[in-house]
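Structure first, commentary second.
Numbering (this note's numbering), first residue to last: 14 to 710.
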């Protein structure tokens, strides 16, 4: 029988061994199946509450991709299903992870087709796409297709979709190039003097064409114009005291097959497209698939209608296509009382998609130029099947065609389910202006952290369009920063240098801004051509956009890292890096200029400020040790002057002075269990050793 002292020693050693094993176990935890690891078997997945199993019905599946594609193009995946059973197909999914997407790209069983895209960091080659078709009982049927990704051969002056710098204009309010089309219906708009801002102001295609030099000098590469189709022609406020109001904005269509005569002829539209192409500027057209204009329901016929009111022929055009009464929810409600299309019905969906896709051919000029993208209105008010069908049909005509969607409330934390779905390539970011406002009013650190997180959510084929102002919201300058032009300038710097697509609202670059006040709408001003000369806000925009163009891919795709500065400093420097290149963005929110010292990596580093044109050479910093340190000192302009410095470094880099915070150990249930067990074992081991020592002779 062993002695008591020996027993205690054995106990202590055993506890130490157990402790070590426990520590090794916690260092290399067992991975459990979850969404992040994709470690879930096909059999364990659920289909509307039904367990899935290998289907045995007489259902055959075949799939193919219609063309090769590069990262700025699309292809179509078609799934052919031979169903000789009585079962309905409930779901189709494609695993597009090899293209940089998800493992569950949903394909509507009404369409059996979806648009594919590829992330820019995916290497060329053949990519496998597993496809699963699920019947109503949960039985699944597997096939696969192959997509061929090719190298993108990009011309020197060519920009990818995620490099778009978009200029959004209300065409009617930009420039009047042809006064002959100002009153095509003979309504005499001068008589509607109770609200002259509610009538057409004369802007047209020719007005845009005549001013392409201005837009080229600004530096943008995409013009977003409001809807081009024929709209209802009457004063929709007739019989009220609201003040006259016409559909100058273009969102109340009465004929999707004809141009709005206020904007010009098809020849003038073609001339705009051709001339814009000469300036390397694309034309983006606004489209509506959710609704038609007022007065177009079958029940809208009235006695003694006002001039320009829709005719019976106009209403017949939409017979059976619109709801006779508003439904519940986003998809079936009548938005602002407008006739809502029943796009969930296949025939209605087909017709409205045909009308809108036809403009790709109609817009094509003799020189082969055409519109290149659509801004899509009221996305969340239309069903997903329609959006997939719309995108499919557009891509079948032009594999490069893109969509940027407007779904009210989208931000980097919530894409409302439209990214990576074969529908929208981009979404308007309704949250960005709040980040900008917080930043320019002193919350630099939090706003910048938001932008760092925002950066992580975007890819070239699922990006966001950041805007400060629009036709539907209060002006940024007038209402969000109380008329402070310096804050507008700094917000513009933040917007234009951020990842995503800068969307500049016309006139914003001149300091124009206003209230979102029906029916006048001060935010829908006539463009201020008399404000251009000597406008320092315009000069600021031109300088920052030039920097964006000089480092286009980097700023469109690069990472974002904080280098130096804080709220207390009232300045911040961030690094934008992509592949092997970096630039550094500086922002000063102080009312005074500031001397800022930044550490650099080498003695011969030269830092260039692309905003001011100044260059700074590295200076050796005296230290008590033998190590050599170098820095540059620059002057940040005041907030009123734009508060912006845009840096690049030759022969080295600008170094971060941020303190690195160690990642906290995750407090999940397993870690708490491991630490608790380790603690208990340590106590037991210590107790055993103490007991052993106490029993020594």
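Ideal placement from N, C-alpha and C gives every residue a C-beta, glycine not left out.
Per-residue burial, residue i [other beta carbons within 10 Å of its own, 16 or more giving buried]
i: residue 641; result: exposed
i: residue 338; result: exposed
i: residue 212; result: buried
i: residue 531; result: exposed
i: residue 552; result: exposed
i: residue 159; result: exposed
i: residue 352; result: buried
i: residue 598; result: buried
i: residue 655; result: buried
i: residue 658; result: buried
i: residue 683; result: Only weak support exists for where residue 683 lies, its pLDDT of 44 falling under 50; the coordinates are left without a value.
i: residue 106; result: buried
i: residue 187; result: buried
i: residue 320; result: exposed
i: residue 601; result: buried
i: residue 204; result: exposed
i: residue 65; result: buried
i: residue 592; result: exposed
i: residue 6; result: As displayed, the chain neither begins before 14 nor continues past 710, which places residue 6 out of reach and without an answer.
i: residue 174; result: buried
As assigned by DSSP and simplified to three states, the class of residue i
i: residue 383; result: coil
i: residue 668; result: coil
i: residue 173; result: coil
i: residue 104; result: strand
i: residue 230; result: helix
i: residue 254; result: coil
i: residue 348; result: helix
i: residue 372; result: helix
i: residue 567; result: helix
i: residue 269; result: strand
i: residue 212; result: coil
i: residue 361; result: helix
i: residue 98; result: coil
i: residue 562; result: helix
i: residue 54; result: Legend: pLDDT at residue 54 = 35, less than 50; position of this residue unreliable, no value from coordinates given.
i: residue 342; result: helix
i: residue 378; result: coil
i: residue 557; result: helix
i: residue 46; result: For residue 46, the predicted model reports a pLDDT of 29, less than 50, meaning its position is unreliable; a value from the coordinates is still stated below. DSSP places residue 46 in coil when its eight states are reduced to three.
i: residue 84; result: coil
i: residue 634; result: strand
i: residue 111; result: helix
i: residue 542; result: helix
i: residue 674; result: Because residue 674 sits at a pLDDT of 32, beneath the cut-off of 50, its placement in the model cannot be relied upon, and the following sentence gives the value as read from the coordinates. Correct three-state label for residue 674: coil.
First and last residue of the uninterrupted beta strand (DSSP E) at residue i
i: residue 449; result: Where residue 449 is concerned, there is no enclosing beta strand (DSSP E), although the alpha helix (DSSP H) it sits in stretches over 445-453.
i: residue 589; result: 584-591
i: residue 415; result: 415-418
i: residue 186; result: Premise fails: residue 186 lies in the alpha helix (DSSP H), 184-187, not in any beta strand (DSSP E).
i: residue 579; result: 572-579
i: residue 126; result: 126-129
i: residue 479; result: 476-480
i: residue 291; result: Residue 291 -> not in any beta strand (DSSP E); alpha helix (DSSP H) instead, spanning 279-291.
i: residue 145; result: 138-148
i: residue 9; result: Not covered by the structure: residue 9. The range shown for the chain is 14 to 710.
i: residue 662; result: 657-663
beta-carbon residue i near the ligand GTP non-hydrogen atom, thresh 7 Å
i: residue 323; result: You won't find the ligand GTP in this model; it holds no ligand whatsoever.
Segment limits, alpha helix (DSSP H) that includes residue i
i: residue 220; result: 218-223
i: residue 398; result: 397-410
i: residue 464; result: 457-470
i: residue 653; result: No alpha helix (DSSP H) contains residue 653, which DSSP labels as neither H nor E.
i: residue 325; result: 325-329
*Which runs of the alpha helix (DSSP H) spanning at least 4 residues fall entirely within the segment 488-530, listed in chain order?*
498-510
*asked:* Under 8 Å, with one C-beta from each stretch per pair, do the segment 605-617 and the segment 469-486 reach the 3-pair mark?
replied: no
*Could you tell me whether the segment 287-304 touches the segment 195-214, using the rule of 3 or more Cβ pairs below 8 Å?*
no
*Evaluate contact between the segment 457-472 and the segment 552-561, counting only Cβ atoms and requiring at least three cross-stretch pairs below 8 Å.*
no
*Is the number of C-beta pairs between the segment 344-361 and the segment 281-289 that are closer than 8 Å three or more?*
no
*Please determine if the segment 503-518 and the segment 563-570 are in contact, where contact requires at least 3 C-beta pairs separated by less than 8 Å.*
yes
*Going along the chain, which unbroken runs of the alpha helix (DSSP H) with 4 or more residues stay wholly within the segment 596-632?*
none
*asked:* Contact between the segment 369-384 and the segment 327-336 is defined here as three or more beta-carbon pairs at a separation below 8 Å; is this criterion met?
replied: no
*On the three-pair Cβ rule with 8 Å, is the segment 354-362 touching the segment 392-412?*
yes
_I'd like to know if the segment 433-449 and the segment 67-80 are in contact, where contact means that at least 3 CB-CB pairs between them fall below 8 Å._
no
*Examine the Cβ distances between the segment 262-276 and the segment 226-236 and report whether three or more of them are shorter than 8 Å.*
no
*asked:* For the pair the segment 461-471 and the segment 400-417, tell me if three or more CB-CB distances fall below 8 Å.
replied: no
*asked:* Taking contact to mean 3 or more Cβ pairs, one atom from each stretch, closer than 8 Å, check whether the segment 460-467 and the segment 523-530 are in contact.
replied: no
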